[in-house]
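Here's the structure, in structure tokens; my notes come after.
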Amino acid sequence: MKISIPAILVMLLLASFTIGSCNSPFTPKPRGYFKISLPEHRYQVFEREGFPYTFEYPVYGKISQDSTYFEEQPENPYWINIDIPEYGGRIYISYNRIGGKARYKIKNAKGEYVDSIGLNTFEKLLNGSYTLSFKHSYKASSIEDSVFRTDNGLDGIFFRIGGNTATANQFLVSDSVKHFLRGALYFDATPNEDSLRPVNAFLKEDLTHLVNTLRWKDQ
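Reading the sequence shown from the start, the letters are residues -21 to -1, 1 to 198 in mature numbering (1 follows the signal peptide of the UniProt record, and there is no 0).
Here it is, written out as structure tokens:
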């Protein structure tokens, strides 16, 4: 069998390429995630008769009544959810009137939930909000709280929780005398900070808009 010189050169080049490929170091590619298509930020007004507050929330959100907020029993019908079904997100909104009595669900010595009646003081509600935020500290890589004042002149605290936690963004707004509102953004998914980062950043803008448009109806 006669092989031409060009053919031999081609075979040698292929052989050298194969050997070189086997000896070259392997570099794994970084983990990738599906690209998420995010809509334009647009808002609508939450204005419901009898509610002591109003705010603007995204048009892709759906309001539903809430029966529980974390492990507490609502004291009034002003506890709501803002569901973001397209991204499996939910913004929990709770409201308490400072100075009023409230019914809570607490654990007894047997680990059972029972009703408990208590007075809503500003200090109790504030401490409760910090407790709920730091409840995620065993999974969190960081917890930051920052004081802010809204465009409507209301004061509040924003909590940013880092790491693979179910909620990365929480907030509270209060006048320390009569009104106390808090909220948290949760996802119905296995917590993964990297994969949730784009949606968390996107919905954080909606949280900021909600807070800045919040106002008490009696003021």
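Every residue, glycine too, gets a C-beta built ideally from N, C-alpha and C.
For residue i, three-class secondary structure by DSSP
i      : result
P18    : coil
E184   : helix
R27    : coil
V178   : helix
G11    : Because the pLDDT of G11 is 42, which lies under 50, any placement of that residue in the model is unreliable, and the question is left without a value.
L189   : helix
P56    : coil
F5     : With a pLDDT of only 44 at F5, under 50, the local geometry of the prediction cannot be trusted, and the value read off the model is given with reservation. Coil.
Y71    : strand
Y66    : helix
S(-18) : Any reading at S(-18) must be qualified, since the residue scores a pLDDT of 49, below 50, and its modelled position is unreliable; no value is offered.
F113   : helix
K157   : coil
Contact belief for residue i with residue j at Cβ below 8 Å, rounded distance in angstroms
i    : j    : result
T129 : L182 : Not confirmed; about 18 Å, so no contact.
D124 : F138 : 5 Å
V152 : G135 : 4 Å
G40  : I63  : 5 Å
I61  : I85  : Going by Cβ atoms, the distance from I61 to I85 rounds to 27 Å, so no, they are not a contact pair.
L164 : N148 : 5 Å
I140 : L104 : Actually they are not in contact, since the Cβ atoms of I140 and L104 sit about 19 Å apart, beyond 8 Å.
L186 : F150 : 7 Å
F166 : G67  : 5 Å
R21  : V38  : 5 Å
Paired residues, beta bridge with residue i - DSSP
i    : result
A163 : Y71 and Q149
S121 : G141
T33  : R194
G135 : F127 and V152
Spell out a yes or no on whether the region 60 to 74 and the region 152 to 165 are touching, meaning 3 or more CB-CB pairs, one atom from each, closer than 8 Å. Verdict: yes, contact present.
Please give the ranges of any beta strand (DSSP E) in the region 74 to 111, keeping only runs that are unbroken, at least 3 residues long and fully inside the region. Counting only runs of 3 or more, we get 80 to 86 and 92 to 98.
Evaluate contact between the region 118 to 132 and the region 88 to 98, counting only Cβ atoms and requiring at least three cross-stretch pairs below 8 Å. A contact is defined here as three or more CB-CB pairs under 8 Å, and the region 118 to 132 fails this definition with respect to the region 88 to 98.
Using 8 Å as the threshold, is the region 31 to 45 in touch with the region 183 to 191, meaning 3 or more CB pairs across them? Pairwise C-beta distances place the region 31 to 45 in contact with the region 183 to 191, as three or more of them are shorter than 8 Å.
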